[in-house]
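In terms of full-length UniProt numbering, the sequence shown is residues 1 to 187.
Glycine residues also receive a C-beta, built at the ideal position from the N, C-alpha and C atoms.
Below is one structure, written out as structure tokens; the observations come after it.
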Amino acid sequence: MNILHIDSCALGDHSTSRQITAAAITALTAANEQATVLYRDLAASPLSHASGPLLQVISQRWDADIPMNAEVRAEALQSASLLQEFQDADLVVLGAPMHNFSIPSTLKAWLDRLLEMQTAAGQRRADLDLVLVTSGCAVMGPESEQQLMENHEVMLKAAFSFMGVRRLHVVRDQADLQQALALSTAD
């Protein structure tokens, strides 16, 4: 089993989503000794936000009017590598906390690249399991928190559904984790 583990919260060890994704990876690797894990920390190693030229190149809409310089070429190669990581994964464990009513901008930069490249390539991931760990906004109060988290999760579900992901399991806390792991590893 190939597992892609992505964290995006800038709070480091104080991050609830990081604690839950780490627990998920520990449980998955303990249950499957053959599992390989590729870890990407989008907060520690942020991607640049996609420029117009980069989006045109990775979505295969490049033309001679767009300057193809070394920077755009390197960004395009990095984007292809990100897509390959996603394509090679059997399971993705993604920490997606809410920052200021949205996902971290570093996660948005990662999603922008995947969405553009998958759309251009026509690749779908219906066979992929994705454990989506969401957290944040507890200071808003229980009713506001519920509504905000649902909005947060709907956007992420829509993005991954667009990429063909059909088996997405939302985890908000440790209690949800065991059920999500059982569902994502069921044959």
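What's the call for residue 96, buried or exposed, on a 16-neighbour Cβ count within 10 Å? Counting C-beta atoms within 10 angstroms of its own C-beta, residue 96 has 16 or more neighbours from the protein chains shown and is therefore classed as buried.
Start and end of the beta strand (DSSP E) containing residue 96? Here the beta strand (DSSP E) through residue 96 covers 91-97.
Which residue comes first and which comes last in the alpha helix (DSSP H) that contains residue 20? For residue 20, the uninterrupted alpha helix (DSSP H) run begins and ends at 16-31, by DSSP.
Selected residue, minimal CA-CA separation from residue 89, among 20, 130, 120, 49: Comparing Cα positions, the closest option is 130.
Starting from the N-terminal side, write out each stretch of the alpha helix (DSSP H) that is 4 residues or longer and does not extend beyond the stretch 149-176. Counting only runs of 4 or more residues that sit fully inside the stretch 149-176, no alpha helix (DSSP H) segment turns up.
Residue 125: buried (16+ other C-beta within 10 angstroms of its C-beta) or exposed? With 16 or more other Cβ atoms within 10 Å, it is buried.
Using a Cβ-Cβ cutoff of less than 6 Å, which residues in the same chain neighbour residue 118 once the five nearest sequence positions on both sides are dropped? 163, listed in sequence order.
Provide the residue(s) that pair with residue 4 in DSSP beta bridges, ordered along the chain. For residue 4, which the question treats as bridged, DSSP gives the partners 38, 92.
Label residue 18 either buried or exposed according to how many other C-beta atoms from any shown protein chain fall within 10 Å of its C-beta, with 16 as the threshold for buried. Buried, by the Cβ-count rule.
Which partner residues of residue 129 appear in the DSSP bridge assignment? 91, 167, per the DSSP bridge assignment.
Helix, strand or coil, according to DSSP, for residue 135 in the structure here? Correct three-state label for residue 135: strand.
Mind reading off the beta-carbon distance from residue 40 to residue 79? Whole number of angstroms is fine, and I expect it under 8 Å. Here residue 40 is actually not in contact with residue 79; their C-beta atoms are around 13 Å apart, not less than 8 Å.
Compare the beta carbon distance of residue 37 and residue 20 with 9 Å and say whether it is the shorter of the two. Cβ distance not < 9 Å, so residue 37 and residue 20 don't count as in contact.
If distances are taken between C-alpha atoms only, which option among 104, 171, 98, 83 comes closest to residue 148? Restricting attention to 104, 171, 98, 83, the CA atom closest to the CA of residue 148 is found in 98.
Taking C-alpha atoms, which residue in 159, 3, 23 lies nearest to residue 109? Of the listed residues, the one whose Cα sits closest to residue 109 is 159.
Which of helix, strand or coil does DSSP assign to residue 102? Of the three classes helix, strand and coil, the one that applies to residue 102 here is strand, per DSSP.
Apply the 10 Å Cβ neighbour rule to residue 67 and answer buried if 16 or more other Cβ atoms are within range, or exposed otherwise. Per the 10 Å Cβ criterion, exposed.
Can you tell which of 132, 75, 165 has its C-alpha closest to the C-alpha of residue 150? Of 132, 75, 165, the smallest CA-CA separation from residue 150 is found for 132.
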